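Read through the structure below, which is laid out as structure tokens, and then see the notes.
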Amino acid sequence: MDKTMSIEEVVASLESGMTIGIGGWGARRKPMALVRAIYRSPLEDLTVVSYGGADVGLLCAAGKVRRVVAPFVTLDSIPLEPHFRAARQAGAVEFTEYDEGMFMFGLLAAAHRLPFLPTRAGLGSDVMRVNPELRTVRSPYGEAGQDGEELVAVPALALDAALVHMDRADIRGNGQYLGPDPYLDDLFVKAAARSYVSCERLVGPGGLDGPPQSLLVSRMHVTGVVETPGGGHFTESSRDGGPGGGPGGGPGGRPGGGRDEAFQRHYAAAAADPQAWAAFAGRFLSGDEAAYQEAVRRWHEEREEGTR
Amino acid sequence: MATVVPLAEAVAELVRDGDSVAMEGFTHLIPYAAGHEIIRQGRRDLTLIRMTPDLVYDQLIGMGCARRLVFSWGGNPGVGSLHRFRDAVQNRWPAPLEIEEHSHAGIANAYVAGASGLPFAVLRGYRGTDLPSRTANIRPITCPFTGEELTAVPAINPDVAIVHAQRADRSGNVQLWGITGVQKEAVLAARRSLVTVEEIVEELEPRPGAVVLPGWAITRVSAAPGGSHPSYSAGYSVRDNAFYQAWDEISRDRETFLAWMGDHVLDRSATASEAGR
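Respectively, the protein sequence lines represent chains A and B.
Read in order, the letters of the first sequence are residues 1 to 308 in the UniProt record's numbering.
Read in order, the letters of the second sequence are residues 1 to 277 in the UniProt record's numbering.
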């Protein structure tokens, strides 16, 4: 079954008010082409569940977000995502902050279709104080005559939709990662009612060669798959050639799809200043994905000319 | 850190009377050689844990090693009943056997909880079945957010876990592949562990889909080539289906069973790889 879709078709299938999980980790392997399409869509009032990076930041900047559920929102080399910081400081978005391990158990609970799972992560920390809606659960197996141990109950992070970015996928929706880390993308797609995979390169059935362990996402969890060369930009991704990446093939000649640090610095500087952000958004985010990739290519060209 | 020692030495050191012992391996990689060594050493009062007790536990039960069985399915796969297991439950021969019956998902989750250092696991299983009325430690647990009643099972942390694998290196790192049941979970949940292997190699070659148990998670490793017979070790042997069928006759009668065990297991001149052929 061919599950190929366009970026626009994926975003058109989402609805305002949904809880949307976004895979990747901080500034790594984020489905940015899909995030950019949400940015320019009429969607609003979203709950975004993410090991957050610029995905969360961009959607906050566009006023798409009611609540963020995250253990962090970071650009890695820039500790605090600037748009997320601004949205929080202005009180524009609600925030549920979990420890990374609790967050994983929340996804695992949703993946198992359980309403919660117990964990020790978070006990004795301020995570319990800043999340008064969290509960504890007592083990039904106390020693004779004693109460059982008290653990944190993490509620399921059930997702209406999940968006993940793979280095490679086939048209049936099987997804492969070629980097060092799967992150929690396999749990995101299992935790969601529907999942969409964007990929650097789309291949036919049987075209996913490489170690079996790199086959991370099974088609049985995937509703649609969309080829987005360079679609992870400017996060770390693009390990499978195409215009957006591959050895030396990324915008600005980034080797092997590493994070585009120069562009990320440009993004963060613009995000800190409303006028600069208006110029950035006009230049990079006012058109479709092809226009974005072209604008980034030109930006790198101009920058190289400037340093000559 | 795992050390490589002969099987008899490993069993003498790790398995003690009264221990809870989990011997895992689902159809594949069942640790028969280790089970036979436990029988030869005459261990008693064991709590045997296993998702699918088959011939190896029939033998341990029939030889009087077990006091209690924790399991989720019991039988001779594709053949029928385990006659020694049945005789112990129905007629207390050669000793009474307490049973604690679970579902597969319950035991798998209980091992995961044990390996995770959690006191219990939560699952949706057991609801609508008679198991909670028969097995006292299956308890209801209420979700503190939705009020939904779910099921808890207590973590399993065996005194000893015993599994069979294809290979180990001299540092005791173990590699297994093919149908991998809950071996990893059982070893990580156990206080002590023994892995028997088809061969000890100088270096483990990476293999797609293989489970690697690091030496620091294992107590002892013993070479036991053919040690999964009559089950099998993918890449080394095939399942001896004829033996599973023959077991039905051997085990049906107490005297026939005892004679067979005497000839094939208790007689130390019968090596692990010959036992059962």
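Note that beta-carbon positions come from the ideal geometry of N, C-alpha and C, so glycine has one too.
All values derive from a computational prediction rather than experimental measurement.
Listed in chain order, the beta strand (DSSP E) runs fully inside the segment 120-191 of chain A are 135-138, 150-155 and 159-170, counting runs of at least 3 residues. Of the other Cβ atoms in all chains shown, 16 or more fall within 10 Å of the Cβ of residue 177 of chain B; this residue is therefore buried. Residue contact with chain B for residue 146 of chain A: absent (no Cβ-Cβ distance below 8 Å to any residue of chain B). At a cut-off of 8 Å between beta carbons, residue 145 of chain B contacts chain A. Annotated three-state conformation of residue 140 of chain B is strand, per DSSP. Under the 10 Å beta carbon count, residue 290 of chain A is surrounded by fewer than 16 other beta carbons and is classified as exposed. The distance from the Cβ of residue 65 of chain B to that of residue 86 of chain B is about 17 Å, inconsistent with a contact at the 8 Å cut-off. Using a Cβ-Cβ cut-off of 8 Å, residue 213 of chain A counts as an interface residue toward chain B, since at least one Cβ of chain B sits closer than that to its own. When secondary structure is reduced to three states using DSSP, residue 287 of chain A falls in the coil class, being assigned neither helix nor strand. Relative to the Cα of residue 225 of chain A, the nearest Cα in the group A:16, A:31, A:299 and A:20 belongs to A:31. DSSP places residue 243 of chain B in the uninterrupted alpha helix (DSSP H) bounded by 241-252. Contact check for residue 170 of chain A against residue 205 of chain A passes: the beta carbons are separated by less than 8 Å.
Taking 8 Å as the threshold, the shortest C-beta distance from residue 116 of chain A to chain B falls below it.
Judged by DSSP secondary structure, residue 132 of chain B falls within the alpha helix (DSSP H) whose first and last residues are 131-134. Here DSSP, grouped into helix, strand and coil, assigns residue 47 of chain A to strand.
Residue 150 of chain B is bridged by DSSP to B:141.
Here residue 238 of chain B is exposed, its C-beta having fewer than 16 other C-beta atoms within 10 Å. In terms of beta-carbon proximity, residue 185 of chain B stays away from the interface with chain A, with every pair separated by 8 Å or more. Under the Cβ criterion (8 Å, minimum of three pairs), the segment 290-307 of chain A does not count as touching the segment 197-213 of chain B. Taking CB atoms only, residue 114 of chain B has no neighbour in chain A less than 8 Å away.
The straight-line gap separating the alpha-carbon atoms of residue 255 of chain B and residue 244 of chain B is approximately 19 Å. No Cβ-Cβ contact shorter than 8 Å links residue 220 of chain A with residue 197 of chain A. Ranked by Cα distance from residue 248 of chain B, the first of B:61, B:68, B:80 and B:10 is B:80. Below the 7 Å Cβ cutoff, chain B contributes 119 as neighbours of residue 149 of chain A, in chain order. Contacts with chain B at 8 Å (Cβ-Cβ) include residue 137 of chain A. When the Cα atoms are used, residue 181 of chain B and residue 44 of chain A turn out to be separated by approximately 45 Å. Residue-level contact check: residue 292 of chain A does not touch chain B, since none of the beta carbons of chain B fall below 8 Å from its beta carbon. By the C-beta density criterion, residue 168 of chain A is buried, having at least 16 other C-beta atoms within 10 angstroms. The criterion of a C-beta distance shorter than 8 Å is satisfied by residue 47 of chain A and residue 69 of chain A. In the three-state DSSP reduction, residue 80 of chain A falls in the coil class, being neither helix nor strand.
The beta carbon of residue 140 of chain A falls within 8 Å of a beta carbon belonging to chain B, placing the residue at that interface.
Spanning the alpha carbons of residue 18 of chain B and residue 96 of chain B requires a straight line of approximately 14 Å. At a C-beta separation below 8 Å, residue 153 of chain A has these neighbours in chain B: 143, 144 and 145. Residue environment: residue 274 of chain A is assigned as exposed (fewer than 16 neighbouring CB atoms within 10 Å of its CB, all protein chains considered). In the DSSP assignment, the residues bridged to residue 168 of chain B are B:174 and B:200. In the three-state reduction of the DSSP assignment, residue 215 of chain A falls in the strand class, which pools E and B.
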